[in-house]
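Peer 1: Take any residue in the sequence shown, note its place counting from 1, add 7, and you have its number in the numbering used here.
Glycine is no exception: its CB is placed at the ideal position from the N, C-alpha and C atoms.
Keep in mind the model is a prediction, meaning the values are calculated, not measured.
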Amino acid sequence: MDFNFLISTHLFRGLNLDELSGILGCLLAEEKQYKKGEYIYRVGDQVHKIGILLSGQISIENDDLWGNKTILNMITPGNVFLENYACIPDEPLMVSVVAVSGASVLYLDMSHLLQPCSHSCSFHNKLIQNLLAISARKNLNLSLRSFHTAAKTIRTRLLSYLSYEAAKQGGYEFDIPFNRQQLADYLNVDRSALSNELSKMTKEGLLFVNRNHFTILADMMNAL
Numbered sequence: 008m009d010f011n012f013l014i015s016t017h018l019f020r021g022l023n024l025d026e027l028s029g030i031l032g033c034l035l036a037e038e039k040q041y042k043k044g045e046y047i048y049r050v051g052d053q054v055h056k057i058g059i060l061l062s063g064q065i066s067i068e069n070d071d072l073w074g075n076k077t078i079l080n081m082i083t084p085g086n087v088f089l090e091n092y093a094c095i096p097d098e099p100l101m102v103s104v105v106a107v108s109g110a111s112v113l114y115l116d117m118s119h120l121l122q123p124c125s126h127s128c129s130f131h132n133k134l135i136q137n138l139l140a141i142s143a144r145k146n147l148n149l150s151l152r153s154f155h156t157a158a159k160t161i162r163t164r165l166l167s168y169l170s171y172e173a174a175k176q177g178g179y180e181f182d183i184p185f186n187r188q189q190l191a192d193y194l195n196v197d198r199s200a201l202s203n204e205l206s207k208m209t210k211e212g213l214l215f216v217n218r219n220h221f222t223i224l225a226d227m228m229n230a231l
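Here it is, written out as structure tokens:
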């Protein structure tokens, strides 16, 4: 396990290598591997551990009765997931967690995280503070997605999302963390309709698209 990578994550920020080694033992750390497309959790499961992604990519998804999929979040290495459910372990999941690629996950026991351990680790409170900050940030991100999907048309949803990415990444040329299907799921639109709209915007000279790489052109800047 790469301890240097772990202390660079938001969850373990502020801990040194010795403290990290100690806290992993206290939290009953366990690493698991998953194959591409494998379900890590399904709707209805109960969660007692917090997960931190070590490698690969996983998605948090919601599937309705008619088979429509909505991607709520994409998890990249270093980020945690399902911490809210782990805080209330009797609450069944309303989402599924799927490995988008081969993935490695480190699990930490939530009950040991929320309660002081017998060793009275001085850095335990720091970990709880980090987790609270992570949870607050995720709530903000969910609110942000609701802004993007509130618009009625595909183009205005794209404009909202691309405007946010341009501002976040500090320029009009950037990569997004989604492929075409994932972007359609995130914006809650049909993939073919999304592709058609992107093609129209490209022909109109509003943007240039190469897979997940976007360049916003001058004419589109006036619309953002």
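Does the Cβ of Y46 have 16 or more other Cβ atoms within 10 Å, making it buried, or fewer, making it exposed?
Peer 2: exposed
Peer 1: Please return the same chain residues whose Cβ sits closer than 6 angstroms to the Cβ of E26, not counting the five positions on each side in sequence.
Peer 2: F130
Peer 1: So for K56, helix, strand or coil by DSSP?
Peer 2: strand
Peer 1: For the beta strand (DSSP E) that contains T222, what are its first and last residues?
Peer 2: H220 to I223
Peer 1: Just to confirm before moving on: does the CB-CB distance between E90 and I78 stay below 8 angstroms?
Peer 2: Their beta carbons are not under 8 angstroms apart, which means E90 does not touch I78 by this criterion.
Peer 1: Report the start-end ranges of each beta strand (DSSP E) in the region 163–193 that is 3 residues or longer and not cut off at the edges.
Peer 2: 180–182
Peer 1: For F12, is the classification buried or exposed, using 16 other Cβ atoms within 10 angstroms of its Cβ as the cut-off for buried?
Peer 2: exposed
Peer 1: Give the range of the beta strand (DSSP E) segment to which Q40 is assigned.
Peer 2: E37 to Y41
Peer 1: Going by the CB atoms, is the gap between T222 and H194 shorter than 8 angstroms?
Peer 2: The question names His, yet the displayed sequence has Leu at residue 194. No.
Peer 1: Am I right that A36 and L134 are in contact with their C-beta atoms under 8 angstroms? What's the rounded C-beta distance?
Peer 2: Wrong, their Cβ atoms sit about 12 angstroms apart, outside the cutoff.
Peer 1: Assign L24 to buried or exposed, taking buried as 16 or more other Cβ atoms, counted over all protein chains shown, within 10 Å of its Cβ.
Peer 2: exposed
Peer 1: Is it the case that the region 87–104 contacts the region 149–164, given that we only count it when at least three CB pairs across the two stretches are under 8 angstroms?
Peer 2: no
Peer 1: If you compare alpha carbons, which of S142, V50 and V107 is closest to L188?
Peer 2: Checking the sequence, you will find Gln at residue 188 rather than Leu. Taking only the C-alpha atoms, the option nearest Q188 is V107.
Peer 1: Per the DSSP calculation, L113 is bridged to which residue(s)?
Peer 2: E38 and I59
Peer 1: Assuming I106 is part of the beta strand (DSSP E), what are its boundary residues?
Peer 2: Note that residue 106 corresponds to Ala in the displayed sequence, not to Ile. Per DSSP, A106 belongs to the beta strand (DSSP E) from S103 to A106.
Peer 1: Terminal residues of the continuous beta strand (DSSP E) containing T160?
Peer 2: Here T160 belongs to no beta strand (DSSP E), and DSSP marks it neither H nor E.
Peer 1: Roughly how many angstroms separate the alpha carbons of M101 and K76, rounded to a whole number?
Peer 2: 13 angstroms
Peer 1: Please state whether the Cβ-Cβ distance between I57 and V87 is less than 8 angstroms.
Peer 2: yes
Peer 1: Taking the alpha carbon of S111 as the reference point, which residue from G63, S118, D71 and I161 has its own alpha carbon closest?
Peer 2: Cα-wise, what sits closest to S111 is G63.
Peer 1: For the alpha helix (DSSP H) containing L27, name the first residue and the last one.
Peer 2: For L27, the enclosing alpha helix (DSSP H) starts and ends at L24 to C33.
Peer 1: My output table needs one value for S66: the three-state DSSP class, helix, strand or coil.
Peer 2: strand
Peer 1: Compare the Cα-Cα distances from M81 to each of S28, F10 and I65 and report the closest residue.
Peer 2: I65
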